[in-house]
Amino acid sequence: MKRKLSLVLVITMVLSLALTGCGNQPQAPAAPAAPEEIKIGSVFPVTGAIATFGQSSLNGTQLAFEEINNAGGVLGGRKLVLINEDNQSKTEETATAFQKLITQDEVSAILGSVASSHSLAGAPIAQAAGIPMLSPTSTNPRVTEVGDFIFRACFIDPFQGQVMAKFALETLGVTTAAMLVEQDSDYSKGLAEYFRKAFEAGGGTIVAEEGYKSTDTDFSTILTRVKATNPAVVFVPAYYGTVGPILRQAQAAEIDAVFLGGDGWDSDKLFELAGDAANGGFFSNHYSPDAGTPEVDAFLAAYQAKFNSVPDALAALAYDAAYMLAQAIDEAGSVEGAAIRDALAAISFTGVSGTVVFDENRNPVKSAVIIEIRDGKQVYKATVNP
Amino acid sequence: MTITQQILQQLINGISLGSVYALMALGYTMVYGIIKLINFAHGEVFMIGAFVGFFSITKLDMGFFPAMFTAMIFCAILGVLMERLAYKPLRNAHRVAALMTAVGLSMLFQNLALAHSWIGASAKGFPQVFPLRKFELMENVTISSDRILMLVIAIFLMIALQFIVHKTLMGKAMRAVSLDKDAARLMGINVDKTISFTFALGSSLAAAAGVLFALNYGIVVYQMGLLPGLKAFVAAVLGGIGIIPGAMVGGLLLGVTESAVSAAGGSMFRDAVAFAALIIMLLVKPTGLFGKNVREKV
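Written out as structure tokens, the structure is:
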């Protein structure tokens, strides 16, 4: 009797696999008596320099998991359990967090990390262990180049740098730009590199490039140097923690330029740190709550009901990444690493931040939005397609 | 901007930064002068001072000056407690023991700040308490009202310190203890009280520096004391550790040097140059710039 039951279960599983179009899976898992929970790890920094990023990512993931579990889980009733390791916004803690998730918690897949530098520290560990890693927000191209188990849910730095260069050249109509680059951040250097390429290719000139470190607090000397070159725009691809003081000190130094940035600007803390100096700036982002698609509206309502705040792009991408992973597990019909990897690579997914298919480097092809900062608020400006 | 304008503007940037280093270096140098201890927790006193100022303004709705005064008093008490609880029991121990205690205290304060729910890890924006006004010294060379305020307060505090050290009885006791602790005790000077007073004075200057720094650079964060603390130590050594005017000059010199390096395009080397200056000074003239000429030590 028992054998018969399990045979029926196996047949249903195989059938469901065939129906979802993912028949490349050789063996279906043995059906458990009670549906076993699926452990998913995440490495989001809920303390440290980019704590608001980590918290938003965690919120987005938790919301998605809750919704998925309430709707019956994955693989026919198995629940997703999230284990978050806080890497304290530190690169060295990230490697430890990945090790722990893989060896101690034995997770099936890892969501994270947030910053590109952190993901780059964790990716080789996930790759070596054959555990699929899906970073919601690491935009540096090198992250997915680590190996075929590494994916991301966001567009990459070249695209973001190009979008801002194109925006400066075409929408703002300027031809001179200065760049302030955080030298100990892969994210900042990546954006700057591609901004320069696209800006110069479009006929613009980079009149100054100044470096600083993420621990610096005095930017007055490099800002004086920037001021001396009289640029029309200043590109500051960094996270809000350093962008805030830079904008404030730029205001004190009377720099008459439009400040541009990337998705690292996306935090309410920016207004707290920069005050009214943030007004008039533009940055590229993954999603805007004002975009008005049904996915965005549903996500907004659910997020606000649970966390009582407007979700930022980090939350949106983490939410998308969680759903993407769940869809991949369902399509793989298994929690085995290679199966999830193959399912992710072949996925076609529509979420809050747009429609995602992966290119051959496991980078999503999707659109970006430009946000303007006006009166201490983020205002949707435009959508830019790849 | 012409080259002259740039140089002048960068000089202003350097002097502003230097005045913060100078205020902090005074605390290092006074403590060293009196008990031969490099108080590595001094940078954290700076950070705590900045946070006390920050919370006095944001949570208690104080004005800027009362907030700065509160921070100075708070840190003066903190300095005394630090000395009484951590350093005094080690006064006759090996000097390395006291030094390691100082390093430990520094980490303790940083981590307490990190763990405290009011402070935490993320940076906070210091409120723009005064409307931003700028004064044009010449075309393209400006100084903001906040910077003028910082310089004026720094100079005022340094003059006040000179007055305390040279014109008051307590100052005389400080100088005596720094010259010879045992002889001073024989002369009826309360050595413990004098050392406590020195810590209070140095810590309150660090607190003032912290609040001024936060006002000008717009940020308070738990690790803000680390680098300025080390730089102030370099400044104290540059000027000649234990010598008060040396700390002031060393601080300004270091601030201007750092800005000059950055202004010449070496913004990534500013910290390296600051610490290279320390090594060179120790090799060439270990007693510091003022090491020989001024014998008076506090």
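Respectively, the protein sequence lines represent chains H and Z. Going by my numbering, the first residue of the first sequence is number 1, and it counts up by one from there. Going by my numbering, the first residue of the second sequence is number 1001, and it counts up by one from there. Glycine residues also receive a C-beta, built at the ideal position from the N, C-alpha and C atoms.
query: Are the C-beta of H/I255 and some C-beta of chain B separated by less than 8 Å?; result: Note that chain B does not occur in the displayed structure, where the protein chains are H and Z.
query: Compute the Euclidean distance between the alpha carbons of H/T410 and Z/S1203, then round it to the nearest angstrom.; result: Summary: the structure shown does not reach residue 410 of chain H, with chain H confined to residues 1 through 386, and so no result is reported for it.
query: In the DSSP assignment, what residue or residues form a beta bridge with H/V81?; result: H/K39
query: Identify, in the order they occur along the chain, each residue of the same chain with its Cβ nearer than 6 Å to the Cβ of H/N385, setting aside the five sequence neighbours on each side.; result: S367
query: Just the chain Z side, please: which residues come within less than 8 Å of H/G244 by C-beta, in chain order?; result: A1123, G1125, G1218 and I1219
query: Specify, as a first and last residue, the run of the alpha helix (DSSP H) that Z/M1268 falls within.; result: From DSSP, Z/M1268 is part of no alpha helix (DSSP H); its letter is neither H nor E.
query: H/K197 bridges to which residues according to DSSP?; result: None, per the DSSP bridge assignment.
query: Which chain H residues sit within Cβ distance under 7 Å of Z/K1285?; result: Correct list: empty, because the minimum Cβ distance to chain H is about 27 Å.
query: If you follow the alpha helix (DSSP H) that Z/V1211 is in, where does it begin and where does it stop?; result: V1191 to Y1217
query: For a contact meaning CB atoms closer than 8 Å, what does Z/L1132 contact in chain H?; result: Q251 and A252
query: Using the beta-carbon count (16 or more within 10 Å), is Z/M1030 buried or exposed?; result: buried
query: What are the residues that DSSP puts in a beta bridge with Z/E1136?; result: Z/T1142
query: Mind the definition here: the region 1039-1058 of chain Z touches the region 1101-1113 of chain Z only if three or more C-beta pairs lie below 8 Å; say whether that holds.; result: yes
query: Tell me which same chain residues have a C-beta within less than 8 Å of the C-beta of Z/I1164, skipping the five on either side of it?; result: M1170, G1171 and L1201
query: Name the residues in the region 1035-1069 of chain Z whose C-beta lies less than 8 Å from a C-beta of chain H; which are they?; result: none
query: Where are the beta strand (DSSP E) runs, 3 residues long or more, that stay fully inside the region 127-203 of chain H, in chain order?; result: 133-135, 150-152 and 176-182
query: Select from the region 1007-1029 of chain Z all residues with a C-beta closer than 7 Å to any C-beta belonging to chain H, and list them in chain order.; result: Q1009, Q1010, N1013 and L1017
query: Quick check on this structure: which residue in Z/V1237, Z/Q1009 and Z/Q1010 has the alpha carbon closest to the alpha carbon of Z/A1276?; result: Z/V1237
query: Got a sec: is the Cβ-Cβ distance from Z/Q1110 to anything in chain H below 8 Å?; result: no
query: On the CB-based measure, 16 or more other CB atoms within 10 Å of its CB, does H/C22 come out buried or exposed?; result: Model confidence at H/C22 stands at a pLDDT of 44, short of 50, so the residue's coordinates are unreliable; what they give is reported in the following sentence. Classification for H/C22: buried.
query: Give me whichever residues DSSP pairs with H/N285 in a beta bridge.; result: H/V369
query: With a threshold of 8 Å between beta carbons, is Z/Q1128 in contact with chain H?; result: yes
query: Are the beta-carbon atoms of H/L314 and H/F53 separated by less than 8 Å?; result: yes
query: Would you call the region 140-150 of chain H and the region 317-331 of chain H in contact, with 3 or more CB pairs under 8 Å?; result: no
query: Just grab the DSSP bridge partners of Z/I1057 for me.; result: Paired residues: none, contrary to the question.
query: Under 7 Å between beta-carbons, which chain H residues line up against Z/T1142? List them in chain order, please.; result: E254
query: Can you check whether the C-beta of H/L273 is within less than 8 Å of a C-beta belonging to chain Z?; result: yes
query: What residue from Z/F1126, Z/F1130, Z/A1097 and Z/I1148 has the CA that sits closest to Z/E1136's CA?; result: Z/I1148
query: Mind pulling the chain Z residues with CB within less than 9 Å of H/S185?; result: Within chain Z, no residue comes near H/S185; the closest Cβ sits about 13 Å away, beyond 9 Å.
query: Look up Z/V1220 in the DSSP assignment and give the residues it is bridged to.; result: Z/K1124
query: How is H/Y239 classed by DSSP in three states: helix, strand or coil?; result: coil
query: Can you confirm whether Z/M1106, when its beta carbon is compared against all beta carbons of chain H, has any partner nearer than 8 Å?; result: Sequence inspection shows Ser at residue 1106 of chain Z; the Met mentioned does not correspond to that position. So no, Z/S1106 is outside the interface.
query: In whole angstroms, what separates the C-alpha of H/V234 from that of Z/K1285?; result: 44 Å
query: Would you kindly check if the distance between the Cβ of Z/G1291 and the Cβ of Z/G1240 is under 8 Å?; result: yes
query: So, helix, strand or coil for Z/I1279, using DSSP?; result: helix
query: When the Cα of H/A64 is compared with those of H/F307, H/I340, H/A338 and H/G376, which residue comes out closest?; result: H/F307
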